[in-house]
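*Asks:*
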Amino acid sequence: MLYKIFLGQSFLDPVLYNCTGTEIHVDRHLVLGILYFSMGFMAQILYLFVLKTFWFHDPFWENACYRIMFFLENNCIGFCGFLSFHYTNIPGIPDMLSLIVCAEFAGIWSILGLHSCHNMKFGVFFGCLVFGTWHMSCFYVLILAFNRSCELVVPKFGRLLFSGKPLSIILCLPIFYFIYFAFFIKPLIYDVTESTFLLNPLTKATMGFDHAVYTVYGFIFNNFFCMFFIGVNYFVVCAYLLYHSCSTSIQTVSKIYRQVTVQCMIVCTCHFIGCFLYIYMQYRQLPDVFHVIAQLAWIGNHGLPPLVYLIFNKSIRSKISLCHLQVNRIAASSHTDQKSGWNTQKRITTVM
């Protein structure tokens, strides 16, 4: 839909998003609003620490798995060419945008009790962008799950595919996925009454519309394929580890691998839950609790990864602690030098 901006047209469909006769003030959901907003805000703070660790420390950046998880959080827009691939130095913009919309904006709308008709252009515009980032992150999750399977079952093929220029090209592909769903597809719009995002804005004029009017087949295919692909890949991983669990050699080699795989599985679980519920509730009436679970799964999809890394990964925690220790030492040294200079100046003034 947003492509119409470049044609000088309005991106807001007057029929699908007709607000005639719709009350812009609805019942507030204060607790849920605070919960959504707090989760998004805290996740963004954690991102700053984890992304900095991934970016500035080679042991993490050299590992294909962590590079994919970095782009899962930090879907940097790069340039994919025949000879080179360049990463931008702006960390976490798309994922931060996702949390701003699906967590913080949703929280504010719930706290204030504002229907999307309060500013439908605003809701549709950011709904398109966050819809694109959701599908882009789905693509990265598929790459991550496939990486886990390849590195365990067929390590030679995994090293060939997930290193150097092939990995750079793979990490560039989800960007085109984002462009398609953000600019050419009907968006999800937050509904305060349902406490979740829906394709139908549920205005007074559109509430009786048939579900087929708002159906996005790419959305359905994407979500079901994600569930299938994630399930198959992690079934392969678990079956392989279980089959070789009696081997002493694989027990020693796979300790770190198992730790990383657990982190990846937790990251992918939110995707699995969100993919199913967000499709099902577009076409079937569900209790409100499932709407909240779906929304929390979406927020968790973008906000849970840094928390998982900090809890399960000692290496990341140690790097963050070391970084803070160095900052404190620099600050203390600067303060000492400043104090020493002040004392010296004071002695000179006294002698004079």
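Its first residue numbered 4, the sequence shown is counted upward by one per residue in this note's numbering. In this text, a Cβ means the ideal position worked out from N, Cα and C, and glycines have one as well.
1) Give me the residue from V156, S198, G221 with the minimum Cα distance to E107.
2) With Y217 as the anchor, note down where its beta strand (DSSP E) starts and where it stops.
3) Under three-state DSSP, which class holds L201?
4) Should E154 go down as buried or exposed, given a rule of 16 or more other Cβ atoms within 10 Å for buried?
5) Could you name the residues that DSSP lists as bridge partners for D16?
6) Given a cut-off of 8 Å, decide if S113 and S35 are closer than it, judged by their beta-carbon atoms.
7) By DSSP, does D30 sit in helix, in strand, or in coil?
8) What residues match up with I192 in a beta bridge as DSSP calls it?
9) Pick helix, strand or coil for L289, following the three-state DSSP scheme.
10) Would you report the Cα separation of M123 and Y20, rounded to the nearest angstrom?
11) What is the residue span of the alpha helix (DSSP H) that F149 lies within?
12) Please name the residue or residues paired with L117 in a DSSP beta bridge.
13) With the cut-off set at 8 Å, would you say L145 and C229 are in Cβ contact?
14) Specify the secondary structure class of C278 as computed by DSSP and reduced to three states.
*Replies:* Once the coordinates are examined:
1) S198
2) In the DSSP assignment, Y217 falls outside any beta strand (DSSP E) and carries neither an H nor an E.
3) strand
4) buried
5) D16 pairs with nothing; no bridge assigned.
6) Before going further, note that residue 35 is Leu rather than Ser in the sequence given. Contact: yes.
7) coil
8) Looking at the DSSP assignment, I192 forms a beta bridge with L201.
9) coil
10) 7 Å
11) 123-156 is the span of the alpha helix (DSSP H), which, as asked, contains F149.
12) H28
13) yes
14) helix
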